[in-house]
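Every position in the sequence shown, counted from 1, becomes a number in the working numbering once 263 is added.
The beta carbon of each residue, even a glycine, is placed where N, CA and C say it ideally should be.
Since the structure is predicted, the reported quantities are computational estimates derived from the model, not experimental observations.
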Amino acid sequence: MKQKANKEQWDLVIKPNDRLLTLDVKEIWRYRDMYVLFVLRAFRTAYKQTILGPLWFIITPVLSVIVYVAVFGGIAKIPTDGIPPVLFYLLGISVWGYFSSSLSSTSNAFVTNADIFGKVYFPRIIMPLVAVTVNLLSFAIQLAIFLVFYIYYLSIGTEITFHWQVVLFPVLMLILAMMAVGFGMIVSSVTTKYRDIQIIFTKVISLWVYITPVIYPLSMVTDPKLHLLMSINPVTPIMEAIKYSLLGAGEFSWLWIGYSVLATILLLIFGLMLFNKVQKSFMDTV
């Protein structure tokens with residue numbers, strides 16, 4: 264009987280991964296159907312049991328733009344580098360909203376999906392990827408709204424300049440997505456043991472928007488030291504590059520974009536190491 268058991272061959276062997284810095288792309292591809300299933304489930308349940316349903320993807324940014332135009336443009340008189348305030352705020356809100364939503368969703372990957380992780384096996388890294396994909400769908404809707412207003416302002420003769428760097432838009436958004444995944448995996452790994460980190464991180468995201476040129480142009484920060492400090496924020500060069508490419512306002516610097524790419528790579532490496540370390544035993548602590 265023992266000899267027969269030794270001759271058995273298994274199609275799939277599930278065992279802990281002892282290497283911290285590893286990403287099994289083949290395994291992720293093998294579970295692509297589950298990835299698609301999770302994306303569809305998350306998208307369908309985002310506004311489940313709501314009256315307006317997916318319309319909230321449109322209503323939320325429109326309401327935010329109205330408030331921003333009234334408060335920051337009308338009352339605070341914050342300049343928008345000569346760009347129509349609606350376009351300036353709508354683009355900023357859409358890009359930042361995608362980053363912050365992806366970051367928030369990814370940082371909850373372990374805690375939110377603890378029940379699923381405890382019942383069935385699949386590569387845990389799929390859940391952070393699901394988070395950025397689902398938020399990409401809502402971002403696409405908001406970007407479509409932006410393009411409608413963009414075409415409108417062009418049709419009435421508003422001078423809006425876009426540069427060739429617009430072809431880099433998908434790459435810039437990919438950098439933001441990967442930055443959110445890396446940062447989110449770090450927070451998600453830590454919060455499996457220390458839940459109050461999630462509360463602190465929620466506040467950090469709320470404050471992070473104010474050190475990112477979303478509601479104001481970076482050009483209005485004239486103090487060199489403060490300008491440098493804000494540029495160290497890895498989201499700032501990406502945000503400015505997107506505004507520059509689509510609206511002709513903002514700053515485009517290959518050096519600072521390279522810095523953001525480097526920061527993203529380091530966050531991904533560190534996040535993946537923590538994620539791989541925690542996933543082996545997180546069910547005992549979550």
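- Look at the beta carbons and you see the region 483-501 touching the region 511-526: at least three pairs across the two are nearer than 8 angstroms.
- In the structure shown, the three-state DSSP call for V334 is helix.
- Under the criterion of beta carbons closer than 8 angstroms, I449 and F335 do not qualify as touching, at roughly 32 angstroms.
- Burial of R387 is indicated by the presence of at least 16 other C-beta atoms within 10 angstroms of its C-beta.
- Counting the other Cβ atoms within 10 Å of the Cβ of V299 gives fewer than 16, which makes it exposed.
- Closest in alpha carbon position to I346, among G445, V383, I528 and P480, is P480.
- Ranked by Cα distance from G513, the options P342, I419, I321 and W292 are led by P342.
- Of the candidates L510, L417 and A504, A504 places its Cα closest to the Cα of L439.
- Relative to the Cα of I356, the nearest Cα in the group I423, T465, V328 and G337 belongs to V328.
- Excluding residues up to 5 positions away in sequence, F409, F412, Y413, Y416, I423 and L510 lie with their Cβ nearer than 8 angstroms to the Cβ of L350 in the same chain.
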